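Asks: Just so it is clear: in the sequence shown, position 56 is 70 by my numbering, and no numbers are missing. Even for Gly, the Cβ is constructed at its ideal location relative to N, Cα and C. None of these values were measured; they are calculated from a predicted model.
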Amino acid sequence: MHFENNEREIILSVINDVAESVSATRTQLSAAMHTDIDVEEATDIVQQHVNDANAALAELHKTAMDANSNFRSAFEIGEKMRGA
């Protein structure tokens with residue numbers, strides 16, 4: 015599968031953002047959280063980052079499926095191999 019440079023950068027940026035958010039939350043949970051409300055707020059923030067990342071990747075996937083026949087073929091082969 016071949017990604018254009020900007021597509022690869024977008025994917026890596028999303029992955030990096032989510033990883034940083036999860037890391038920061040882990041630090042907060044272990045060092046700074048004192049109440050259940052603190053933990054719940056931090057968890058909500060991380061969940062929103064994950065949701066945003068999923069939306070960004072879904073949009074990138076849709077764009078690639080529509081515009082790149084090589085991506086579409088590779089994805090369809092992968093789905094068949096997984097039994098989806």
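Here's the rule: buried if 16 or more other CB atoms are within 10 angstroms of the residue's CB, otherwise exposed. What is Ser-27?
Replies: Within 10 angstroms of the beta-carbon of Ser-27 lie fewer than 16 other beta-carbons, which makes it exposed.
Asks: Within 10 Å of its beta-carbon, does Ser-37 have 16 or more other beta-carbons around it, so buried, or fewer, so exposed?
Replies: exposed
Asks: If you follow the alpha helix (DSSP H) that Gly-92 is in, where does it begin and where does it stop?
Replies: 83–96
Asks: Among the residues of its own chain, which have a CB less than 6 Å from the CB of Ala-78, if the five just before and after it don't count?
Replies: Phe-85
Asks: Tell me whether the beta-carbon of Val-60 lies closer than 9 Å to the beta-carbon of Ser-44.
Replies: no
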